[in-house]
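> Structure in structure tokens, see below.
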Amino acid sequence: MLGVFICQCGTNISATVDTGAVAAAAAGMRGVAHAESIQYTCSDPGQAAIGAAVREKRLDRIVIAACSPRMHEATFRRALERAGLNPYMMEMVNIREQCSWIHADTGEATMKAVDLVRKAVARIRAHVPLQGGKTAAVRRALVIGGGIAGIRAALDISAAGIPVTLVEKSPSIGGNMARLDKTFPTLDCSSCILTPLMVEIKQHDHIELMTNAEVDDVRGLVGDFQIDIRRRSTCVDEEKCTGCMICQEKCPAPAPDDFNAGLCQSKAISVAFPQAVPLVASLRKQYCRRFNGGKCRLCQKLCPAGAVDYGQEDEVVSRSFGAVVAATGYGHYDWTGSYPTFGKGLYPDVITSAQYERLLSASGPTGGLIRRPSDGAEPRQVAFVSCVGSRDESAGRPQCCSVGCMYTAKQAILTKEHIPDSQSYIFYIDMRAGGKNYEEFVRRAQTRYGAIFIRGRVGRIFPRRGKLVVMGTDTLAGDQVEIEADLVVLAAGLTAAPGAGELARKLNIACDETGFMAEEHPKLRPVEAAAAGVFLAGACQGPKDIPATVAQAGAAAAKVIGLLSRGELETSPMVSAVNPSRCAGCFKCRDVCPFGAIDKDRLADGLVTARVIESLCRGCGICNAACPPGAISLNGYTDKQLLAELVEVLR
Amino acid sequence: MEELIPIIKKALEQVDVVLGWAQSPAAGVAVPAFFHTPAEADAAVFDSTCAHNLAVYLPRLADKKVGIVAKGCDARSIAQLIAEGAVKRSGVFVIGASCPGMIDVKKAWRCFGFGKQVCDAAGKVAMEGKTVAREEILLWKCRGCRDPEPVICDVTVGEASSEAPAPPAEPAGIRKRFAAMTVAERRQFWQDQFSRCIRCYACREACPLCVCRDVCTIQAHEPGWAGAAVDSPQSWMAQLIRVNHLAGRCTGCEECERACPVGIPLMLLLEEQNDVVEELFGYRAGGEAKPPFLTFDIKNDTWDEER
Amino acid sequence: MRFIPEENITALLLRLSENATVWAPQVVRDTVNTVLFAPWREGAEIETGLYSALPVKGLVLPATERLFSFRYHRAGEREKIEIEVDELRERAAVFAARACDAKALVTLDALFLDGSGRSYNDQHYRARRGALTVITLACTSCDSACFCSSFEDGAAATAGSDLIFYPVSGGFLAEAVSATGRELAALDLFQESNLEKPPLAETAKVELARLGQRLLDKFDDIDFWRRTAEGCLSCGYCSYACPACHCFNIFDEMESDRAGGRYRCWDACMFYAYTLESSGHNPRPEAAHRYRNRLAHKFSYFPLNRGEFLCTGCGRCIRGCPAGRDVRDVIKALGAG
Amino acid sequence: MSTVPRKGIKATKPLVPEPATIIDVIVETPSIRSFRLVFDDPGIMKEFSFAPGQIGLMGIPGVGESTFAISSPPSRRDYIQFSVMKTGFVTSAIHELKAGDAVALRAPLGCGFPVDNWKGKNILIAGGGIGMAPLRSLLLYILDHRHQFGDISVFYGARTPADLCFVGDRAHWEEREDIAFIATIDSGQPGWDGRTGVLPRVMEAGRPPAENTVAVICGPPVMIGYALAALARLGFAEGQIFTTLERKMKCGIGLCGRCNVGSKYVCTDGPVFSLADLGNEI
Amino acid sequence: MPGKDVKIVGFLCNWCAYAGADMAGMARMEQPAGMRIIRVPCSGRVDPLLVLKAFQEGADGVLVSGCHPGDCHYGSGNYLARRRLELLGRMLPALGIEPERFHYTWVSASEGARWAEIVNTFTEAIKDVDEGS
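Residue numbers (our numbering), protein chains in the order written: chain A, 1 to 651; chain B, 1001 to 1307; chain C, 2001 to 2337; chain D, 3001 to 3282; chain E, 4001 to 4133.
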């Protein structure tokens, strides 16, 4: 006996679909013993109504027409379980995302909803109870990215006694936060709060730190990912190097200083920055004379520890992990291509806020003195331009970077603190200061620090008489404004970290259209990625500030702990199964299976048939589509079920 | 072809049975024969009426060591069965017969009635003293034959034909008519053709690559791809199942069409499919490689999304 | 005897067409030599030389027919089933049937119309059979697959026909076998004639004496049957082409959520699925078992149960076999009578 | 002919079933359920009569039909019972049915046990697994007409205790003093204090006399094979041994062809056969 | 309202295309109502027979959509799918089915707008075929 529940989803569905009419139509379908429309089926009363109907009418199969199954399939499966039914005797009908929300005409939407319910009623007759298995989970987590998100996640996971491997692409952990001077809205010194955590990572018994390392290949699935990690050759033996920096001092080959955002030069062999963890040098072959045809071996000769090894090669380390946290952070938008009127990067005194952050920092190239790049002069008039490559459709960048307003205000404050007679001008579109104490902070920049806020976009920046003219519109006054500034700081937008897309592909997770990694559900599963066992922490999922990043890292860690603490995982029963009496023994299934999940079985009568290794099967159903006699079928998506749907929607 | 008999006899020293042909007195043509003993092998013949593709019997005899007389095109089917693992190479002994081109005996029967001797003692097509223009009466596949010599072979018999394979014929008759049809006309065409289908599955059973046989999904209760009703749409669907399962596997032997008792031009579908597969993947069934729908190098899948 | 001039045949067929569909053997367009009984329309060429690929049995036992339709309807809380049997249907006439086909209709009649309690009186068959007129064209020539002369009457069999045409110069002598035949022969298209019946075809003969017993003697020699069946492809053509084979399958088809039909369709004993049980057990798993049962049914069991062979020697199973099998070879191999 | 003639099915509409409704479902074992049903037409229900051993084709229109032995006795006028083992497509669908669900039924078909010829004889009944279904009908018939028969001994075997059907009946049969009822399971299991051992061996150990006795056996092919051998050793002649056969059936009326065993059709000549009828064709 | 009479069956993979269709819904992008989506785990699950069966059962159009090449949740499903489906598409004219009635395409979980556009364009294309233009 079938029960059909039509969710109104408040008015989300009922505004366009006549849910009462759908329920009435469902009641007339063959085998339907119960049909009702419920205001919020996913709510407690909604789920209770399902349970009550199951008991009263002895229902054994449930159809729920509501939102997308991607949203609540798991919820309703649990509801069935509580009602004493096998959780797979349920079929969801998507009448919200794929019906009420995309149609305007009630008649048409209702007709479609009835069609879809009929399809599900036909399909569910072919459902059979499914039972998942259990598999042991590897008690080790991989955290990818050593910024504040990765650090926090690694510490939190290891605090639960679960070993962690932390992989960082660059020579040191710390990420973007290590580059910041002070943090809004408290103006804490960024290094002061971050460095102790970095050291804790290095010293933690349960954390294995791999810098200069990247994920090479990912196999397996939740509970047992087999991951190859490539450790790039740095020509320095990490065990021997003491971080004395003699090599860096003597190295004759200049190289860009990544840590200082290109504001100054470093050396081909260098320590990333003075507080780096691990504090070891690394050699960048592309800048090294020896690796570019020269004979220089200075660093090797001078190293007191004998740590330099030119023959060092990349090393690939394979490990098994039960879960993965991606914490790859963000990158900076390259504005030079899209804003030709800002000088395309040709004016040295038009810099990005990330660079300005280094000018403000005591550990920066100027030792914390604000000196403009062109002539080293101290600027008096500083213009800040918000939303460069953010909220700008014309640059193809509609998204908000979510931190620009705040750090611009912070930088204006810090400017005033560094140069008391300076004047800051801030061109903004809207001040977004939604966090705790944020609005007060912005207000302080305005009142106590005298920053002048001009609401409007900047149209042009050009040099005039040793100054930079910033031309824009004051949309509040309705006037054209022209500011003559000594230094212009652009609040460039944030992008996904370089290489994040490639990593997402390896992890089998999705990225959204802005390139950030996509969460399973924006509200309800904000740290879960599309692949089970992969979690997102921090700005890899979207731009966010430090408090939000740390909070999300903690949440991801909690998910990992929850997943791995039981030691075993429930496996999905939606795997393929072979009906040996229909198997022709042609093994086309084995040829197409991406996971090597098909084996040969010899039956008692000598027939050789295919057999599914359930622990390897991931439920893609490719074998099902390739099997000519239809002997192998994917539980939950059998030919019978799909045909039932197909025939019914075309009636 | 007298040398065939001693070769079969010799082969019988190492195999359980040799598949070949013997003359059917009733039909006036060669019919498949199973030679178990040297004495039986005396009946072996090979002439222009040996159109049957004996590879069809190989999967059914998978537990035996089998000798098989194979034409060039038959050898492609054998190679395909081996590539797919349905037949073990070590289990077959292929006697490659150089093929003069096979004739469509139905054409002879239409002219002279069933049962008249079609080939003379020398194996030449000759009926009641008349010789018929070979090209007139050849099977379609033999026109422009691409494989006069077997691709897989343990011993050969007969000399390679001195005659060049007949050139490919211009589409004529039904092929010509079909090529000129609009899509809508083709829809109607197939509906008409399959209204004759009686679901005897001779097409399937005669196909060397239809290896599912007893468990064929067409006749299975579930999931019910094609209903059991003998009506045009269901029979059409049933045939599409077969065609689909032969994608990249059909070697073009024409046995399905030859076997069809009601004359449905099944090769129009399979020829089209084989052409498309060859064009898309550069693949022709009957070599050593598996079909492009089973194994291919995903990392180097040079597929142009824009095509 | 009555005589119909050749030029009156079209008029006769038109007359028949007034209240029946007339089925006549015709070459299928674009095929090499496929002849089928198809609805005749004026101007269509009738092929009497080549043998049709299928017999006329489809007119009484169609390849697929709906036995009844059913419907689930809601009665209170419950679903009830309603069953409705369609009533037939239009009349049919077949022209230029062969004696072997017509004779097989009598065999089928005994099975499907026997009210004696030995069998059932099948309403669907009865309706079709009662609405069918059979005009047979007697064979004055034959081909090497024919072996009707092995059986009683041979080409001269009249059973199952309403009217038999014998080709003579300028037209056909018409011999009425039934009342329907007599009515037809009385039409003004016919005239009296005192021409002699032409000599009929003398076909190949096979030894049928003690065949049933000979077969049973070999029954347990499975190697014999394996050898016999080894060329057989296990397709269903011989069954479908046989004028006397009548095995069928029954299946249901839903036409909507609540309504559908139960159908009967031809089935063939050479199919693996024919005897496959739902448990996976198959009492006739090999082609050899099926081939043995097929021949035993025709030449042993049926004669035992019904006193006649389930074969009229039409030769279709020989002519059309995709693997060139010849049932007469098996009969010979069963040894002398 | 040693079997009773069929009756009931309409001679002119043999392939058209009659709508019926399930009134009760009894879960016998994990794979066997008994279904009690009544024809929707009270007239047909009233007229319905059959002999033990006769069969019916029960089906769900839209799914298909399958053949089952009637497991209720002829004296039962208020329902017809079929015991169904889940083996495939149709039986799986039938197992989903509940009381109140609609089915369609063609019954009775085939020939039942020739009980009239057995009057005054001892009856030995041996059923294995689902094979007990027709024998239940027979046994209940015999108990209804107990005075007509001599000694009655019943052996019922299954693989495990959970595979034994007819719990309620069994208790009753075990209590009755006018029959000897023995249930056995193949091998010992905790909680089972009855007999263990495969049925043919247990039956042979009971040494039932062959004299004036009819043996009726029904069960899986392997069991039948051993049971026949045991009966032969006990001195039973072929004419004394009866069984019911099971074959795939479609028409149930001897036309569709597939259920033949030699020249006999299980659906019309059977399903009850004496071993003498079958000869070596079993 | 466009697409009222056009019946389209869409086989959408759970991970990308189905999520993309959901995304279009979340963005309230209006679409023709003739689309009937059948969710499958992977485009590689889509047996070409499902497409043919859909046409046989009277579909006016069939759309198959999965993850972009390289993004398959299972690694290779969409590579297999596109081989099978490309062949199928090219076979359609010989089968008497206008090739415009069949389309396979890749839609990621974030491409809601693209999905809506595809449904619109495909519906229109089928209507054009139906009208014989």
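Each residue gets a CB set at the ideal place from its N, CA and C atoms; glycine is no exception.
(1) Let me see if you follow: with CB-CB separation under 7 Å, is Trp1225 of chain B close to chain E or not?
(2) What residue range does the alpha helix (DSSP H) around Trp3173 of chain D cover?
(3) Given that Met4026 of chain E touches chain A, what residues does it touch there, using C-beta distances under 8 Å?
(4) Please determine if the stretch 4031-4042 of chain E and the stretch 615-624 of chain A are in contact, where contact requires at least 3 C-beta pairs separated by less than 8 Å.
(5) Quick one: measure Cβ to Cβ for Pro537 of chain A and Ala213 of chain A, integer angstroms, because I've assumed they're closer than 8 Å.
(6) Starting from the Cα of Val17 of chain A, find the closest Cα among A:Ala24, A:Ala25, A:Gln8 and give me that residue.
(7) So is Ile2222 of chain C buried or exposed if we call it buried at 16+ other beta carbons inside 10 Å?
(8) Between Asp2257 of chain C and chain H, is any beta-carbon pair separated by less than 7 Å?
(9) How about Pro4002 of chain E: is its C-beta nearer than 7 Å to some C-beta of chain A?
(10) With DSSP as the reference, label Val382 of chain A as helix, strand or coil.
(11) Measure the C-alpha to C-alpha separation of Met4001 of chain E and Cys4013 of chain E and round it to an integer number of angstroms.
(12) Return the residue from the list B:Ala1172, B:Ala1026, B:Val1066 that minimises the CA-CA distance to Thr1037 of chain B.
(13) Residues of chain A with CB closer than 8 Å to the CB of Tyr2072 of chain C, please, in chain order.
(14) If I'm right that Val93 of chain A touches Leu2 of chain A with Cβ under 8 Å, what's the distance once you round it to whole angstroms?
(15) Is the beta carbon of Arg3136 of chain D closer than 7 Å to that of Ser3071 of chain D?
(16) With H, G and I counted as helix, E and B as strand and the rest as coil, what does DSSP make of Pro1292 of chain B?
(17) Cβ-heavy atom distance between Ala477 of chain A and the ligand GDP below 6 Å?
(18) Report buried or exposed for Gly376 of chain A, applying the criterion of at least 16 other Cβ atoms within 10 angstroms of its Cβ.
(19) Quick one: which chain A residues come within Cβ less than 8 Å of Asp4128 of chain E?
(20) If I measure Cβ to Cβ from Leu2200 of chain C and keep anything under 7 Å in the same chain, skipping five residues before and after, which residues do I get?
(21) Pull up the CB-CB distance for Val350 of chain A and Leu209 of chain A, whole angstroms please, since I reckon it's below 8 Å.
(22) Any idea what DSSP makes of Thr1229 of chain B, helix, strand or coil?
(23) By the 10 Å Cβ neighbour count, where 16 or more other Cβ atoms means buried, how is Gly28 of chain A classified, buried or exposed?
(24) Check whether the Cβ of Ala4109 of chain E lies closer than 7 Å to any Cβ atom in chain A.
(25) Let me check one thing: in DSSP terms, what residues is Leu2374 of chain C bridge-paired to?
(26) Taking a cut of 9 Å between CB atoms, which residues from the stretch 4072-4105 of chain E lie near chain A?
(27) How long is the line joining the alpha carbons of Asp486 of chain A and Val308 of chain A, rounded to whole angstroms?
(28) Taking Cβ to Cβ, would you say Val1277 of chain B is nearer than 7 Å to Gly1248 of chain B?
(29) Return the chain-ordered list of same chain residues with a C-beta closer than 7 Å to the C-beta of Ala3102 of chain D, the five sequence neighbours on each side being excluded.
(30) Quick one: give me the first and last residue of the alpha helix (DSSP H) that His2124 of chain C is part of.
(31) What residue from C:Leu2310, C:Gly2280, C:Leu2208 has the CA that sits closest to Leu2111 of chain C's CA?
(32) Taking the alpha carbon of Gly2280 of chain C as the point to measure from, which residue in A:Pro348, A:Asp605, A:Ser363 has its own alpha carbon closest?
(33) Assuming Ile4118 of chain E is part of the alpha helix (DSSP H), what are its boundary residues?
(34) So with CB distances below 8 Å, who are the chain A contacts of Gly1085 of chain B?
(35) At what residues does the alpha helix (DSSP H) containing Lys301 of chain A begin and finish?
(36) Just the chain E side, please: which residues come within less than 8 Å of Arg1186 of chain B by C-beta, in chain order?
With the given structure in hand:
(1) yes
(2) Looking at the DSSP string, the run of the alpha helix (DSSP H) that includes Trp3173 of chain D is 3167-3175.
(3) Glu97, Trp101
(4) yes
(5) Here residue 537 of chain A turns out to be Ala, not Pro, going by the sequence shown. With 8 Å as the limit, Ala537 of chain A and Ala213 of chain A do not qualify as a contact, their Cβ atoms being about 18 Å apart.
(6) A:Gln8
(7) exposed
(8) Looking for chain H here will not work: the only protein chains present are A, B, C, D and E.
(9) Confidence is the limiting factor: at Pro4002 of chain E the pLDDT is only 41, short of 50, which leaves the residue's position unreliable, though a coordinate-based value still follows. Not a single C-beta of chain A is nearer than 7 Å to the C-beta of Pro4002 of chain E.
(10) If DSSP states are grouped into helix, strand and coil, Val382 of chain A belongs with the strands.
(11) Confidence at Met4001 of chain E is low in this model, with a pLDDT of 40, below 50, so its placement is unreliable and the value that follows should be read with caution. Answer to the nearest angstrom: the Cα atoms are 27 Å apart.
(12) B:Val1066
(13) Arg30
(14) The C-beta distance from Val93 of chain A to Leu2 of chain A rounds to 13 Å, too long to fall under 8 Å, and the pair is not in contact.
(15) yes
(16) The answer is coil: DSSP assigns Pro1292 of chain B none of H, G, I, E or B.
(17) Annotation note on the ligand GDP: not contained in the displayed structure, which lists no ligands.
(18) Result: exposed.
(19) What Asp4128 of chain E touches in chain A: nothing, since even the nearest Cβ is about 21 Å away.
(20) Ala2138, Cys2139, Thr2140, Ala2155, Ala2156
(21) Val350 of chain A to Leu209 of chain A, Cβ: 38 Å. No contact.
(22) In the sequence as displayed, the identity of residue 1229 of chain B is Ala instead of Thr. Coil, per DSSP.
(23) exposed
(24) yes
(25) This structure leaves residue 2374 of chain C out entirely; chain C is present only between 2001 and 2337.
(26) Cys4072, His4073, Tyr4074, Gly4075, Ser4076, Gly4077, Leu4080, Ala4081, Arg4084
(27) The alpha-carbon atoms of Asp486 of chain A and Val308 of chain A are separated by roughly 44 Å.
(28) yes
(29) Pro3019, Thr3021
(30) 2123-2130
(31) From the listed residues C:Leu2310, C:Gly2280, C:Leu2208, the smallest Cα separation to Leu2111 of chain C is found for C:Leu2310.
(32) Closest by alpha carbon: A:Asp605.
(33) 4112-4130
(34) Cys586, Phe587
(35) 298-302
(36) For Arg1186 of chain B, the residues of chain E that pass the 8 Å Cβ criterion are Pro4093, Ala4094, Leu4095, Gly4096, in the order they occur in the chain.
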